Structure formats: structure tokens, C-alpha cells
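Here the numbering used here is used: the first residue of the sequence shown is 1, the next is one more, and so on. One structure is given below, encoded as C-alpha cells.
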Amino acid sequence: MGWIIALIVGGIAGWLASLVMNRDASMGIFWNIVVGCIGSVVGNLIAGPLLGISGSVQEFSLTGLVIAIVGAVVLLGIANLVQRGRVR
């Protein structure tokens, strides 16, 4: 049951992060889930050592959702920098 919650919360976090970064039109539901779940890991890597807090997307909590959104925004920011470097 935990992985279903992780997919749902990851999808919500990825969707909200894509709205913040103005990438919602280019991302589908699959990529929202991927970015949200990976963003949760990135967010925990950032928030754990710096702030001493952690959250999990497997157990729904507001802290876990905020950390996942922040991590997903960082992940999308890195993706934007990498895409800018490509020749189009």
C-alpha cells in the first residue's frame, strides 16, 4: 500500500513542481510521478543534513509533500540548465 501512496504523492509533487517551473505543458502524468518521486529523494538529501528534517512520500504528511515539491523543483531546475546547454 505504501508504494501506491508514494506514486500518488509523487505525482502531486511533480505536478506542482512543474507548475512552479512552467513545464506543465511539456510533462505528462508519467513524468510528473517520476519527477515527484525522485524529487522526494533529492529533497531529503537537501533537507536532512541542512535542516535536520526528513519526510517520506510513502506515508502521506505535509512535511513529506513539501520536501518532495522542493526536491522536484530543484530537479526540474537542473533539467532546465541541461536542456539550455543543448543545441536545438
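Virtual Cβ for every residue (Gly too), placed ideally from N, Cα, C. Keep in mind it's a predicted model, so treat the numbers as computed, not measured.
Burial state of residue i, where buried means 16 or more other Cβ atoms lie within 10 Å
i: Gly52; result: exposed
i: Ile67; result: buried
i: Val82; result: exposed
i: Trp3; result: exposed
i: Ser61; result: exposed
Residue i Cβ short of 7 Å to the ligand COA heavy atom set
i: Leu76; result: Because no ligand of any kind appears in the structure shown, any question about the ligand COA cannot be addressed here.
Whether residue i touches residue j by CB criterion (8 Å)
i: Gly48; j: Gly10; result: no
i: Gly77; j: Met21; result: yes
Helix, strand or coil at residue i according to DSSP, with G and I counted as helix
i: Asn22; result: coil
Legend entry - Touch test, the region 67-81 against the region 30-39, Cβ-Cβ under 8 Å, three pairs minimum: Touching, yes.
Legend entry - Runs of alpha helix (DSSP H) lying entirely within the region 24-80, each at least 4 residues, in chain order: Those alpha helix (DSSP H) runs which fall completely within the region 24-80 and span 4+ residues are 29-51.
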